[in-house]
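In UniProt numbering, the protein residues as written are 1 to 299.
Every residue, glycine too, gets a C-beta built ideally from N, C-alpha and C.
Quick caveat: nothing in here was measured; it's all calculated off a predicted structure.
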Amino acid sequence: MILLDKPPGPTSHQVVAWAKRILEIPKAGHSGTLDPQVTGVLPLGLGDGTKALGVLLLGPKEYCALGRLHSLPSKEQLDSILKQFCGDIYQKPPQRSAVSRQTRIRRIFELELLEQKERLILIRILCEAGTYIRKLIYDFGEVLGYGGTMIELRRTRVSQFHEDHPLVTMHQLANAFTDWKEKKDDSTLLKLIHPIEYALSEIKSVVIRDSAVDAICHGAQLAVPGILQISENLQKDDIVGIYTQKGEVVALGQSIMLGEDIQDATKGYAFETKRLIMKPNTYPKSWRTKPNKDNIEKK
1 MILLDKPPGP
11 TSHQVVAWAK
21 RILEIPKAGH
31 SGTLDPQVTG
41 VLPLGLGDGT
51 KALGVLLLGP
61 KEYCALGRLH
71 SLPSKEQLDS
81 ILKQFCGDIY
91 QKPPQRSAVS
101 RQTRIRRIFE
111 LELLEQKERL
121 ILIRILCEAG
131 TYIRKLIYDF
141 GEVLGYGGTM
151 IELRRTRVSQ
161 FHEDHPLVTM
171 HQLANAFTDW
181 KEKKDDSTLL
191 KLIHPIEYAL
201 SEIKSVVIRD
211 SAVDAICHGA
221 QLAVPGILQI
231 SENLQKDDIV
241 GIYTQKGEVV
251 ALGQSIMLGE
261 DIQDATKGYA
271 FETKRLIMKP
281 NTYPKSWRTK
291 PNKDNIEKK
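Written out as structure tokens, the structure is:
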């Protein structure tokens, strides 16, 4: 995966297309669309790394937004409005949205007024994925009775990845790939591209036996005998990363049992496989299939 600093202008889809062309790869994707004029943190998954990007939607997102209110409020009024909008709010996507315009509940974790200059306000928003910041600022203005418009927006965080992580520009990515291809120097490129396990660092984990790896890759559910280690305080329905003993991610799964019940059990399925990441036959086949009745009868 790559932590890209999206420039203003292109759509997120165009940025992905550029990355594919620069790196000469057939498959890439992004985690969370940014509108064309919005800048900031845009995680890209490369190849099979796209399969794990959905995990980042489980974490919060942070934005810095510049808005213009249509009349001059006092700081006391602004502080009061920000407090009102913390917590669960109702939002309907804008008319130009790509999704259906149904009212949804979104959670605002933090709202902070960073700066005010007359009718211009700069605010920091920590929120649930899927929150429409443009609509949020519009609603600020409606509650104040003046109206409001978003002027600029930058995403500063996606889940555990902040903008103070080393972000990559498209130019840096292109130059690093050129150095590798023409000069055989991969030092810069290796600093820009991270293993997909990097995206899964905030979810709980399960380590499995080598003998269970290929069975999982072929669609089997993870049973208790194949488990070596689980994260502490594992709850039922938790999303987890399923790893080999070397730390390679095999799949994403969902817990069917409590962690303490898994530790006490000797058999039964403990996790439901939700998303395979590792290719089949990466590890040796150590599982057996049931014999075919027709073949037995013939023998």
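Nearest neighbour of residue 107 by Cα position, chosen from 52, 84, 116 and 119, turns out to be 84.
Contact between the segment 50 to 67 and the segment 205 to 218 is not established, with fewer than three Cβ pairs separated by less than 8 Å. Bounds of any beta strand (DSSP E) do not take in residue 147, whose DSSP letter is neither H nor E. Looking at the DSSP output, residue 207 sits in a beta bridge with 229 and 243. A Cβ-Cβ distance of about 15 Å is found for the pair residue 230 and residue 249, leaving them out of contact under the 8 Å criterion. The segment 171 to 183 makes no contact with the segment 53 to 63, as fewer than three CB pairs between them are under 8 Å. In terms of Cβ geometry, residue 43 and residue 30 form a close pair [threshold 9 Å]. Residue 258 carries a coil assignment under DSSP once its states are collapsed to helix, strand and coil. Taking all protein chains shown into account, residue 17 has fewer than 16 neighbouring C-beta atoms within 10 Å of its C-beta and is therefore exposed. In the assembly as shown, residue 62 is a buried residue. Its beta-carbon has 16 or more other beta-carbons within 10 Å. In the three-state scheme derived from DSSP, where H, G and I count as helix and E and B as strand, residue 89 is classed as strand.
Residue 13 sits in a helix when the DSSP states are folded into three classes.
Non-local beta-carbon contacts of residue 225 in its own chain, meaning distances under 7 Å to residues more than five positions away in sequence, involve 267 in chain order. With distances taken between CA atoms, residue 72 lies nearest to 146 out of 244, 115 and 146. The C-alpha of residue 245 lies about 42 Å from the C-alpha of residue 111. Boundaries of the beta strand (DSSP E) around residue 5: 2 to 6. DSSP lists 157 as the beta-bridge partner residues of residue 162. Looking at the DSSP output, residue 116 bridges to 121. Of the candidates 269, 191, 24 and 75, 75 places its Cα closest to the Cα of residue 120. Partner residues in a beta bridge of residue 136, as assigned by DSSP, do not exist.
Taking all protein chains in view, the Cβ of residue 34 is crowded by 16 or more other Cβ atoms within 10 Å, so the residue is classified as buried. With a cutoff of 9 Å on beta-carbon distance, residue 258 and residue 274 are scored as not near each other. As computed with DSSP, residue 68 is found in a beta bridge with 120 and 149. The segment 232 to 239 makes no contact with the segment 185 to 194: fewer than 3 CB pairs, one atom from each, lie closer than 8 Å. Rounded to whole angstroms, the gap between the alpha carbons of residue 256 and residue 27 is 32 Å.
Taking a C-beta distance under 9 Å as the contact criterion, residue 163 and residue 169 do not qualify as a contact pair. Pairing residue 137 with residue 282, the inter-Cα distance amounts to about 49 Å.
Judged by beta-carbon spacing, residue 203 lies beyond the 9 Å limit of residue 227, meaning their Cβ atoms are not closer than that value. For residue 28, the enclosing beta strand (DSSP E) begins and ends at 28 to 30.
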